Amino acid sequence: ETGVTQTPRHLVMGMTNKKSLKCEQHLGHNAMYWYKQSAKKPLELMFVYNFKEQTENNSVPSRFSPECPNSSHLFLHLHTLQPEDSALYLCASSQVGQGSGNTIYFGEGSWLTVV
Amino acid sequence: GESVGLHLPTLSVQEGDNSIINCAYSNSASDYFIWYKQESGKGPQFIIDIRSNMDKRQGQRVTVLLNKTVKHLSLQIAATQPGDSAVYFCAERGENAGNMLTFGGGTRLMVKP
């Protein structure tokens, strides 16, 4: 149990589908993140939300749309994805601010396969 | 640009031996470093961290060493166990990077029984 829960754990979707990934953190943190992990690549930061406000969009295509309704929940809406978008999508959270080490805690990830 | 990288993609050790996983970083202004462990099918799990004002920090069976002179970070695992088999990532945060971490490519540790 990491304190960061992601659903679904596995998702297979067609290129014309619309789906969403959900993340909930139970750690009382004020920042949440979406990362993408592909084979043989370092973790890629996609989006950052601090205090529910998006502060980073790391040149992510518009077919990925994040939503952060409150500091505990984060969504990633998926629309007209490509097969190369197949990857492990990791949600994470941390506590940012003065005196915070900003250790990032990850969820177990959502394995996405685009067919 | 700034980057974090790992010297060895795969490390194979005998059960009971000590393991050393290395990481080089290029941002001399980085002030915070973290090691993560990722087991197959799971998300990265925090192991240990160290701030730039320290050169060594110990946890349970793990030690992180920081050499700022050569911008090198290492993770030492004592008495390696089969359960230690995983991919290990280092991550660093630049001095003014806020909550942005840069991750290395990962090293796979394989423990032979």
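So the sequence lines, in the order shown, correspond to chains A and B. The numbering used here applies: residue 1058 is where the first sequence begins, and numbers increase by one. The numbering used here applies: residue 548 is where the second sequence begins, and numbers increase by one. All C-beta atoms in this analysis are idealised placements derived from N, C-alpha and C, irrespective of residue type, glycine included. These numbers were taken from a predicted model, which means no experiment stands behind them.
Extent of the continuous beta strand (DSSP E) to which residue i belongs
{"i": "S1150/A", "result": "A1144 to S1151"}
{"i": "T1112/A", "result": "E1110 to N1114"}
{"i": "N1127/A", "result": "F1121 to N1127"}
{"i": "M657/B", "result": "T654 to K659"}
{"i": "M1103/A", "result": "E1101 to N1107"}
{"i": "L1135/A", "result": "H1130 to H1136"}
{"i": "T1064/A", "result": "V1061 to T1064"}
{"i": "N569/B", "result": "S566 to Y572"}
{"i": "V1172/A", "result": "Element bounds for V1172/A: n/a, residue is neither H nor E."}
{"i": "H1083/A", "result": "No beta strand (DSSP E) contains H1083/A, which DSSP labels as neither H nor E."}
C-alpha gap between residue i and residue j, whole angstroms
{"i": "S566/B", "j": "E586/B", "result": "16 angstroms"}
{"i": "S1122/A", "j": "Y1162/A", "result": "22 angstroms"}
{"i": "F1132/A", "j": "K589/B", "result": "19 angstroms"}
{"i": "L555/B", "j": "A638/B", "result": "Residue placement at L555/B is flagged as unreliable, the pLDDT there being 47, under the threshold of 50; the coordinate-derived value follows with that caveat. Those two C-alpha atoms are separated by around 16 angstroms."}
{"i": "L1147/A", "j": "H1134/A", "result": "14 angstroms"}
{"i": "V560/B", "j": "T1059/A", "result": "28 angstroms"}
{"i": "H1067/A", "j": "N1114/A", "result": "24 angstroms"}
{"i": "T1073/A", "j": "S1143/A", "result": "14 angstroms"}
{"i": "G653/B", "j": "Y635/B", "result": "5 angstroms"}
{"i": "T616/B", "j": "D596/B", "result": "18 angstroms"}
{"i": "K1098/A", "j": "F650/B", "result": "10 angstroms"}
Listed by chain order, chain B residues near residue i by CB distance under 9 angstroms
{"i": "T1064/A", "result": "The premise fails here: T1064/A is roughly 13 angstroms from chain B at the closest Cβ pair, so nothing lies under 9 angstroms."}
Interface residues of chain B facing residue i [CB-CB closer than 8 angstroms]
{"i": "T1059/A", "result": "G590 and Q592"}
Beta-carbon neighbours of residue i, restricted to chain A and to distances below 8 angstroms
{"i": "G641/B", "result": "Residues of chain A passing the Cβ test: none, with the nearest at roughly 11 angstroms."}
Proximal chain A residues relative to residue i, where beta-carbon distance stays under 7 angstroms
{"i": "G652/B", "result": "P1099"}
Original post:
At a Cβ cut of 7 angstroms, what residues of the stretch 1143 to 1169 of chain A count as close to chain B, listed as they run along the chain?
Top reply: L1147, S1151, V1153, G1158, N1159, T1160, I1161, Y1162, F1163, G1164, E1165 and G1166
Original post:
Using 8 angstroms as the Cβ pair cut-off and three pairs as the minimum, do the stretch 1078 to 1091 of chain A and the stretch 1146 to 1156 of chain A touch?
Top reply: yes
Original post:
Does the stretch 1129 to 1139 of chain A come close enough to the stretch 570 to 589 of chain B to have 3 or more Cβ pairs within less than 8 angstroms?
Top reply: no
Subject >> Members of the stretch 1088 to 1113 of chain A that neighbour chain B once the beta carbon cut-off is set at 9 angstroms >> reply: A1088, Y1090, Y1092, Q1094, K1097, K1098, P1099, L1100, E1101, L1102, V1105, N1107, T1112 and E1113
**OP:** Flag this pair as touching only if the stretch 619 to 628 of chain B and the stretch 569 to 580 of chain B have three or more C-beta atom pairs under 8 angstroms; answer yes or no.
**Re:** yes
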